[in-house]
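Quick note on full-length UniProt numbering: the sequence shown kicks off at 1 and runs consecutively. A virtual CB, placed ideally from N, CA and C, is assigned to each residue, including glycine. As structure tokens, the structure follows; a few thoughts come after it.
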Amino acid sequence: VPVIDISQDHHVVAEMVNEACIKWGFFLVSGHGVPKHLIDRMFSVSYEFFNLSEEEKLQCDSTGCKGGRGYFSVGKKALARTYGDLNAPSDQKETFVSGAEPIDGDPYYFTPESEGHFAENIWPTYPSDMKQVWMMYREACQGVADKLLNIME
1 VPVIDISQDH HVVAEMVNEA CIKWGFFLVS GHGVPKHLID RMFSVSYEFF
51 NLSEEEKLQC DSTGCKGGRG YFSVGKKALA RTYGDLNAPS DQKETFVSGA
101 EPIDGDPYYF TPESEGHFAE NIWPTYPSDM KQVWMMYREA CQGVADKLLN
151 IME
């Protein structure tokens, strides 16, 4: 699997991405600029959350959230069902889902068309810095995504 350092010259990276996509269909990214300490903290804060009791995790349960935010316990999701297999068994995993924080007052985020895409996140009280870490990590990853899209233009 090709590993592409996206900190190199834009045109060089674009050629490498093109070749990797044609030959392999995917690639790994290095040189992305997401700080290791942030990646490590994302893992540790997530580990802290998932090691809470089920009762504590259910305080930010996704039930009733139109945007699918919050905590999903084991068996609550079934990826295969989204592809039409309505008899597929539930996934044997637990997940926590967050998204972009809506920008207060901007009507775009509150139209019927955007409903569910910009739902409010449901954050746990513990770990106390989970929201901060997840939002910082999301912002860093958004920067990587933007750079990759710019490379592939």
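Original post:
What does DSSP give as the partner residues of L28 in its beta bridges?
Top reply: V3
**OP:** Return the chain-ordered list of same chain residues with a C-beta closer than 7 Å to the C-beta of D5, the five sequence neighbours on each side being excluded.
**Re:** S30 and G31
Subject >> Opening and closing residue of the beta strand (DSSP E) in which V13 lies >> reply: It is not in any beta strand (DSSP E) - V13 instead sits in the alpha helix (DSSP H) that spans H10 to K23.
Subject >> Proximity to E101 [Cα-Cα], best of E153, F118 and E113 >> reply: F118
Subject >> Span separating the alpha-carbon of L79 from that of T95 >> reply: 12 Å
Original post:
Once you ignore the five residues that flank I151 on each side, which residues in its own chain have a CB closer than 8 Å to its CB?
Top reply: I6, H10, V13, A14 and V17
**OP:** Check each candidate in K36, D85 and Y109 and name the one with the smallest Cα separation from G67.
**Re:** Y109
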